[in-house]
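Input: a single structure, listed below in structure tokens.
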Amino acid sequence: MPILRLLALALLLACSDSPTAPRVPPVLGGARVLFIGNSLTYVNDVPGLVVAIARQMGDTSIGTASVAFPDYALEDHWNEGTAARALTDQRWEFVVMQQGPSSLPASRVHLEEWTRRFAPLVRAAGAKPVLYQVWPHVSRRGDAPNAFLSYQNAATAINGKLAPAGAAWDSVLASQEPAPLYSSDGLHASPLGSWLAAVVIYATLREIDPITLPPTLPPSLSVAPLSQERVRQLLRHASAAMTVAASKGSTARRASAPPRLRP
437 MPILRLLALA LLLACSDSPT APRVPPVLGG ARVLFIGNSL TYVNDVPGLV
487 VAIARQMGDT SIGTASVAFP DYALEDHWNE GTAARALTDQ RWEFVVMQQG
537 PSSLPASRVH LEEWTRRFAP LVRAAGAKPV LYQVWPHVSR RGDAPNAFLS
587 YQNAATAING KLAPAGAAWD SVLASQEPAP LYSSDGLHAS PLGSWLAAVV
637 IYATLREIDP ITLPPTLPPS LSVAPLSQER VRQLLRHASA AMTVAASKGS
687 TARRASAPPR LRP
């Protein structure tokens with residue numbers, strides 16, 4: 437590693453890793469995934485649902501850990517230190533990051549700024565950064581496209597992956613057969629909503645189409661039984677959202693790439 441990169445990394449660690457920050461317990465598995473977020477990660481245990489979906493696929497290699505606190509943005513995680521310590525203590529394959537919907541212009545800038553701050557630490561830990569795009573409050577559903585754009589911009593800025601869970605939600609809720617994805621507070625996910633988010637995250641990590649997932653819910657999920665066809669419908673919404681996100685992401689990367697010089 438060049439000396440300048442070593443110096444830059446040392447400065448990042450000095451600024452972000454608090455010696456008093458708690459340690460994340462060691463994670464077993466060949467594909468270790470660290471989640472950094474807030475209650476939209478820990479309500480209904482989205483990381484645990486990702487593991488449950490993996491097990492349904494016969495994928496036993498994924499192990500997860502989570503650093504998630506109420507109402508935290510990425511800036512709060514940076515200042516608190518536990519996430520940075522987890523990144524320096526262990527090697528990871530993926531780091532999945534989220535904050536609030538970030539649909540306002542100032543929030544969009546904030547998300548991108550702190551995503552950029554975390555990106556060198558994530559890559560130094562051997563991991564690929566993933567942006568877990570969340571959804572707006574039910575009273576502000578019209579902000580969904582802006583939330584998508586904010587997370588897409590942040591993912592593009594660091595050449596990371598985008599897990600468009602919020603876009604999958606929007607596809608379901610705008611359909612002729614919407615599903616109860618919100619909990620009673622109008623912001624957090626119902627168990628079914630968290631499962632749909634986990635579907636998108638797992639499919640993003642493994643680079644697969646959600647429609648290839650089993651058309652059954654994990655046994656641990658506390659929801660009313662759904663027919664296999666209904667589960668397939670939800671998987672198709674996730675697939676469509678990921679297809680659109682991939683297309684828009686390719687366009688955004690081309691737009692941000694420096695122009696090529698003609699020989």
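In this note's numbering, each residue carries its 1-based index in the sequence shown increased by 436. Every residue, glycine too, gets a C-beta built ideally from N, C-alpha and C. Bear in mind the structure is a predicted one, so any value in this text is a computation, not a measurement.
Residue i, DSSP secondary structure in three states
i    : result
W496 : Here the sequence assigns Thr to residue 496, which means Trp is not the residue at that position. If DSSP states are grouped into helix, strand and coil, T496 belongs with coil.
L697 : Any answer about L697 is weak, because its pLDDT of 48 lies below 50 and its placement is not dependable; what the coordinates show is given next. It is coil, neither helix nor strand.
G629 : helix
I489 : helix
A682 : helix
A509 : coil
I472 : strand
S502 : strand
A615 : coil
Spatial distance of residue i from residue j (CA atoms)
i    : j    : result
Q669 : N480 : 22 Å
R459 : E613 : 44 Å
P472 : R559 : One point to set straight first is that residue 472 is Ile, not Pro, in the sequence displayed. Between I472 and R559, the C-alpha separation is close to 15 Å.
L649 : A633 : 14 Å
V487 : T500 : 7 Å
L442 : A520 : With a pLDDT of only 35 at L442, under 50, the local geometry of the prediction cannot be trusted, and the value read off the model is given with reservation. Taking the straight line from one Cα to the other gives about 17 Å.
A599 : L567 : 6 Å
P556 : S663 : 44 Å
L623 : R577 : 10 Å
R672 : P541 : 31 Å
T496 : A615 : 30 Å
L617 : R527 : 34 Å
M678 : P461 : 32 Å
A657 : S630 : Here residue 657 turns out to be Leu, not Ala, going by the sequence shown. Rounded to whole angstroms, L657 to S630 spans 10 Å at the Cα level.
N582 : A590 : 12 Å
L447 : T524 : Since pLDDT at L447 reaches only 38, below the 50 mark, its modelled position is unreliable, and the value read off the structure follows with that caveat. Each residue's Cα considered, the two are about 13 Å apart.
D579 : H573 : 9 Å
Counted within 10 angstroms of its Cβ, other Cβ atoms place residue i as buried (16 or more) or exposed
i    : result
N515 : exposed
A682 : exposed
L464 : exposed
S607 : buried
S620 : exposed
Continuous beta strand (DSSP E) stretch holding residue i: start and end
i    : result
Y568 : K564 to Y568
V479 : Unbroken run through V479: none, as it is neither H nor E.
A603 : Run containing A603: none in the beta strand (DSSP E); it sits in the alpha helix (DSSP H), A601 to L609.
Proximal residues to residue i (C-beta, below 8 Å), its chain only, five neighbours per side dropped
i    : result
S543 : G536, P537 and S586
K564 : E529, F530, V531, V558, G596 and K597
E548 : S586, N589, A590 and A593
6 Å CB neighbourhood of residue i in its chain, flanking five on each side removed
i    : result
V680 : none
P699 : Residue confidence for P699 is low, a pLDDT of 42 falling below 50, so the modelled location carries little weight; the figure read from the coordinates is stated next. Nothing listed; no residue qualifies.
W571 : G602 and W605
Range covered by the alpha helix (DSSP H) that runs through residue i
i    : result
A591 : A580 to A593
L557 : P541 to A560
A660 : First-last for A660: undefined, no H or E at that position.
L523 : T518 to D525
Proximal residues to residue i (C-beta, below 7 Å), its chain only, five neighbours per side dropped
i    : result
V659 : P627, L628 and L653
I594 : T551, R552, A555 and P565
S502 : F471, T477, Y478 and P483
S675 : D645, P646 and I647
A490 : I498 and Y638
Q569 : A583, F584, Y587, L598, A599, P600, A601, G602 and A603
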